[in-house]
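Reading through the structure tokens given below for one structure.
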Amino acid sequence: MPHAVTQPLTILHDSLSVAGMAHLTEFTQRERVVRALKGWLGLTLAAAVTVFVPILHFVLVPSLVIGGIVVGVQRMRTTRMYTRADGTCPRCQKAVELSLDTAQRFPKWTYCPHCRASLKLIMR
Ligand SMILES: [Zn+2]
């Protein structure tokens, strides 16, 4: 069972800064292997099904087989997935919830959904 973790971060706007929190999911070695096998197996089964589709199978079968390998390797390498960040906007002081990429790198530049202030998120 993947477990949710939080990481402290700082939200900056001009010279103002406030504390925020990044939320992420961490995977154990066993969870990464299970996720990788599920991704690989799903696309490999899809490739097996598309063998029976005339003409398109020339493209679909190799694409899905290669896609299965790529997805499996990516999931095996994914130790953590970011979900969101929250805190308060340094300019308007309203609570903000910001979306993060699953493989987010910091610093991240984004905007306050309330006042459109530019925000910079950095890890503490
Ligand atoms: Zn704001």
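Per this note's numbering, the sequence shown runs over residues 53 to 176. Heads up, the beta-carbon is just placed ideally off N, CA and C, and yes, glycines get one too.
| Query | Result |
| --- | --- |
| Excluding the five sequence neighbours on either side, which residues of its own chain have a C-beta within less than 7 Å of the C-beta of residue 135, listed in chain order? | 75, 76, 77 and 152 |
| Following a CB-centred definition, is residue 143 positioned closer than 6 Å to any heavy atom of ligand 1? | yes |
| Using only the alpha-carbon positions, how far apart do residue 93 and residue 122 sit? | 12 Å |
| Closer than 8 Å by C-beta to residue 158: which residues in its own chain qualify, once you throw out the five before and the five after it? Chain order, please. | 61, 173, 174 and 175 |
| Confirm the yes/no value for this check: CB of residue 169, any heavy atom of ligand 1, distance under 6 Å. | yes |
| Using three-state DSSP, classify residue 107 as helix, strand or coil. | coil |
| Can you determine whether any heavy atom of ligand 1 sits closer than 6 Å to the C-beta of residue 109, and answer yes or no? | no |
| For residue 132 versus residue 169, is the C-beta distance shorter than 7 Å? | no |
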